[in-house]
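Counting from 26, one number per residue, gives the positions in the sequence shown under the numbering used here.
This report refers to the structure that appears directly beneath it.
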Amino acid sequence: MTNNRSKPPMNPLDLVAHGPVIPVIVLQREQDAVPLAQALLDGGVKVLEVTLRTPVALRCIEAIARACPDAIVGAGTLRSVADAEAALDAGARFGVSPGYSTDLGHACRNLGLPLLPGVATASEVMAASAGGYDFLKFFPASAAGGVPMLKALGGPFPDIAFCPTGGITP
Numbered sequence: 026m027t028n029n030r031s032k033p034p035m036n037p038l039d040l041v042a043h044g045p046v047i048p049v050i051v052l053q054r055e056q057d058a059v060p061l062a063q064a065l066l067d068g069g070v071k072v073l074e075v076t077l078r079t080p081v082a083l084r085c086i087e088a089i090a091r092a093c094p095d096a097i098v099g100a101g102t103l104r105s106v107a108d109a110e111a112a113l114d115a116g117a118r119f120g121v122s123p124g125y126s127t128d129l130g131h132a133c134r135n136l137g138l139p140l141l142p143g144v145a146t147a148s149e150v151m152a153a154s155a156g157g158y159d160f161l162k163f164f165p166a167s168a169a170g171g172v173p174m175l176k177a178l179g180g181p182f183p184d185i186a187f188c189p190t191g192g193i194t195p
């Protein structure tokens, strides 16, 4: 596997500097990983989130990290410390989780793996913020109230940036 532990960690908020879209990629076949990543890069999409929802996901992250050095490949659906460790070892440069747990937050920080933790409520925002996270995945955005909920959260949390995902449409 690609060992990413020697690279300096990036600030998760820096991800948005590379473009306004972070595709959530679910790959069923390892052979599709590099061609898809290259097509996205060619189209100007540099930040790629490969979800850990399939048995080939870690191998896909590793293949993309090796073959597409200009891509900023991350691992989505991190749910445990073991997921974070495996993602980092596969070459992921950041992680995304569907929710926030103190264990996962601390582990990612200790590993040097930037994390974009998921939140859907004010209490979850407060927990992630207490863990040192200020760029959060608002998930599932549509089911959790969409734009009105984001505006509502923006009032008490002006220091937090959100990346909405889940049911987002034009």
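Glycine included, C-beta positions come from ideal geometry on N, C-alpha and C.
Just so you know, these numbers come straight off a predicted model, no measurement behind them.
Distance CB(residue 77)-CB(residue 100) smaller than 8 Å: yes
Nearest neighbour of residue 105, chosen from 128, 185, 142 [CA to CA]: 128
What residues in its chain sit with their C-beta under 7 Å from that of residue 109, if we drop five residues either side in the sequence? 103, 120, 129, 132, 133, 136, 138
Starting from residue 21, follow the alpha helix (DSSP H) in both directions and report where the run begins and ends. Here the chain covers residues 26 to 195 and nothing more, so residue 21 does not appear.
Go ahead and pull the three-state DSSP assignment for residue 81. coil
Presumed contact (8 Å Cβ cut-off) between residue 192 and residue 168, rounded CB distance: 6 Å
C-alpha gap between residue 156 and residue 88, whole angstroms: 32 Å
Residue 189 versus residue 75 - alpha carbon distance: 17 Å
Since residue 194 sits in a beta bridge, which residues does DSSP pair it with? Looking at the DSSP assignment, residue 194 forms no beta bridge with any residue, so it has no partner.
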